[in-house]
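Okay, so here's the structure we're looking at.
Numbering (this note's numbering), first residue to last: 58 to 173.
The structure is reproduced here in structure tokens:
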């Protein structure tokens, strides 16, 4: 299983950013898919996740500003971010796992930097 994340970069506070993740080797429709992030000097944390029959789950810090999506035929995962804040600065990782408690498979990460 391989995951490749795209779309990171530098964005001004208040702006928007879209991330995408191409998945190969497994069907995302049968898995939990999610985005996690690791801010500088901090531990990795959940941003958003979704699965069939589970719905969508968001971290409190991003609720109302972030939308997770998936395209099952294309086997891609998306993350739309709006009204970004400097505290959104982090390396963002996409993840696919069969069960919510699994470690799963991880992409290489893409850096998002929000300037104030």
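Beta carbons: idealized from backbone N, C-alpha and C, even for Gly.
Exercise. Give the DSSP-derived three-state secondary structure of residue 87 in the structure shown.
Key: Assignment of residue 87 by DSSP, reduced to helix, strand and coil, places it in the helix class.
Quiz item: What span of residues does the beta strand (DSSP E) with residue 132 cover, start to end?
Solution: No beta strand (DSSP E) holds residue 132; DSSP gives it neither H nor E.
Self-check item: Neighbour-count burial assignment, residue 134, 16 or more Cβ in a 10 Å radius
Solution: Taking every protein chain shown into account, the CB of residue 134 has 16 or more other CB atoms within 10 angstroms, so this residue is buried.
Exercise. Could you tell me which of 108, 117, 73 sits nearest to residue 128, measuring between CA atoms?
Key: Ranked by how close their Cα comes to the Cα of residue 128, the residues 108, 117, 73 have 108 in first place.
Quiz item: Is there contact here, the region 110–123 with the region 60–71, by at least three beta-carbon pairs under 8 Å?
Solution: No: fewer than three Cβ pairs fall under 8 Å.
Quiz item: In chain order, what residues of the same chain have a beta carbon less than 8 Å from the beta carbon of residue 77, not counting five sequence neighbours either side?
Solution: Around residue 77, the same chain offers 62, 63, 64, 133, 134, 135, 136 as residues with beta carbons nearer than 8 Å, after the five sequence neighbours per side are excluded.
Quiz prompt | Spatial neighbours of residue 126 in its chain, beta-carbon cut-off 6 Å, leaving aside the 5 residues before and after | solution = For residue 126, the CB contacts under 6 Å within the same chain, skipping 5 residues up- and downstream, are 135 in chain order.
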